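Student:
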Amino acid sequence: MVLKSNFVLLLLACISSSALAFLSLQAPTPSSTSLLKAVESKQAEYGKSEEMPNTYVKCGKCQTCFAVAPADLGNGRGRRLGCSVCDHSWFQSLDRVMTLRDGFEMGELPESDKERMELNKKEDRPIGFVGDAKLYVGNISFDCHEDDLKAVFEQAGVVGEISLVRDDEGKIRGFGFVTMRTKEGAKKAMEELHGANVRGRNIAVRESTN
């Protein structure tokens, strides 16, 4: 099956829907074609008219997660799946379907991640590539969000990833990390954004040591 949309595991995240299509190892017969369409149609409604399952599968190449119920894999040992993010395919056995841990839900993969993965495919980079240079950002306002930092750092170049460090209650601890897609973008960010005012605080920007 080809995974049409994708999910990430988020702590107490909002539930979204996903859609799947199925790959067949053999040429489908009329009866199996009907089965594939029926399964795909049901899976597309997860989080909408169908309850989101607490089980999922993960692409072994790009690590993207997809909501899948055991019944989606048929009555045999499993089914062959295909990832729409990185085009990887694999045989998913029923006994290797994973179950969500307590406190976790399925949340939709952010559009920024989808765009980054698509760009990696176009540039023939590893699907999980984030960037060449990671920056430490300090003195971040407790009211700051990832989108705030992205808007600022995009002035210096393409942003690959933003991670704000939070405590156990989900509150921002005042620092985080921004990965720039290129070293040139990181250099420009350090030169031009160190001391920039973001939501009332002057952020500190320097090369990350971890």
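Residue numbers for the sequence shown follow my numbering, so the first one is -1 and each next one is one higher. The C-beta atom is built at its ideal place from N, Cα and C for all residues, glycine as well. All of these numbers come straight from a predicted model, not from anything done at the bench.
Could you pull the start and end residues of the beta strand (DSSP E) that S206 belongs to?
Tutor: Residue mapping note: residue 206 aligns to position 208 of the sequence shown, counting from 1. Careful: S206 lies outside any beta strand (DSSP E) and carries neither H nor E.
Student: Reducing DSSP to helix, strand and coil, say where G126 ends up.
Tutor: Within the sequence shown, the letter at position 128 stands for residue 126. Coil.
Student: Alpha carbon to alpha carbon, how far is S139 from K186? Give it in angstroms, no decimals.
Tutor: Position 188 of the sequence shown holds residue 186. Position 141 of the sequence shown holds residue 139. Taking the straight line joining both Cα atoms gives about 22 angstroms.
Student: In terms of residues, what are the limits of the alpha helix (DSSP H) holding A91?
Tutor: Here residue 91 is taken as the residue at index 93 of the sequence shown, counted from 1. The sequence given here has Ser at residue 91, not Ala. S91 -> not in any alpha helix (DSSP H); beta strand (DSSP E) instead, spanning 87 to 91.
Student: Between the Cα of G129 and those of G158, E152, R171, spot the shortest distance and give me the residue it belongs to.
Tutor: Here residue 129 corresponds to residue number 131 of the sequence shown, with the count starting at 1. Among G158, E152, R171, the Cα nearest to that of G129 is on G158.
Student: For the stretch 134 to 170, list the beta strand (DSSP E) runs that are entirely contained and at least 3 residues long, ordered along the chain.
Tutor: With a minimum length of 3 residues, the continuous beta strand (DSSP E) runs that stay inside the stretch 134 to 170 are 157 to 164.
Student: In terms of residue numbering, what span does the beta strand (DSSP E) encompassing M104 cover?
Tutor: Counting from one through the sequence shown, the residue named residue 104 turns up at place 106. 102 to 106 is the extent of the beta strand (DSSP E) around M104.
Student: Excluding the 5 residues preceding and the 5 following T207 in the sequence, name in chain order all residues of the same chain whose CB lies nearer than 7 angstroms to its CB.
Tutor: The residue given as residue 207 occupies position 209 in the sequence shown. Nothing listed; no residue qualifies.
Student: I'd like to know whether the C-beta atoms of S161 and G172 end up nearer to each other than 8 angstroms.
Tutor: Within the sequence shown, numbered from 1, the residue matching residue 161 stands at position 163. Within the sequence shown, numbered from 1, the residue matching residue 172 stands at position 174. No. Outside cutoff.
Student: If you check the beta carbons only, do A228 and L191 fall under 8 angstroms apart?
Tutor: The first residue shown for the chain is -1 and the last is 208, placing residue 228 beyond what the model contains.
Student: How would you label T97, buried or exposed, when you count the other beta carbons within 10 angstroms and need 16 or more for buried?
Tutor: Taking the first residue of the sequence shown as position 1, residue 97 is located at position 99. Result: exposed.
Student: Within its chain, find whatever has a CB closer than 7 angstroms to the CB of D146; leave out the 5 residues flanking it on each side and keep chain order.
Tutor: Within the sequence shown, numbered from 1, the residue matching residue 146 stands at position 148. If we look at D146 and ignore the five residues flanking it on each side, its Cβ neighbours are V196, R197.
Student: Please classify R197: does DSSP put it in a helix, a strand, or coil?
Tutor: The count along the sequence shown starts at 1 and reaches residue 197 at position 199. DSSP places R197 in coil when its eight states are reduced to three.
Student: Taking DSSP as the reference, what is the three-state secondary structure of M96?
Tutor: One-based indexing of the sequence shown puts residue 96 at position 98. DSSP places M96 in strand when its eight states are reduced to three.
Student: Put A67 into one of helix, strand or coil per three-state DSSP.
Tutor: Along the sequence shown, one-based indexing puts residue 67 at 69. Three-state DSSP puts A67 in coil, outside helix and strand.
Student: So, using beta-carbon positions, are E205 and L133 closer together than 8 angstroms?
Tutor: If you number the sequence shown from 1, residue 205 lands on position 207. If you number the sequence shown from 1, residue 133 lands on position 135. Their beta carbons are under 8 angstroms apart, which means E205 touches L133 by this criterion.
Student: Suppose contacts are defined by Cβ-Cβ distances below 8 angstroms. Is R179 in contact with N137 by that definition?
Tutor: Here the question's residue 179 lines up with position 181 in the sequence shown. Here the question's residue 137 lines up with position 139 in the sequence shown. Not in contact: R179 and N137 (Cβ atoms no closer than 8 angstroms).
Student: How should N118 be labelled, buried or exposed, when 16 other C-beta atoms within 10 angstroms of its C-beta is the threshold for buried?
Tutor: Here the question's residue 118 lines up with position 120 in the sequence shown. Classification of N118: buried, given that the 10 Å Cβ count is 16 or more.
Student: Could you tell me the alpha carbon to alpha carbon distance between C63 and D100, rounded to whole angstroms?
Tutor: Working through the sequence shown from its first residue, we reach residue 63 at position 65. Working through the sequence shown from its first residue, we reach residue 100 at position 102. Distance between the alpha carbons of C63 and D100 is about 17 angstroms.
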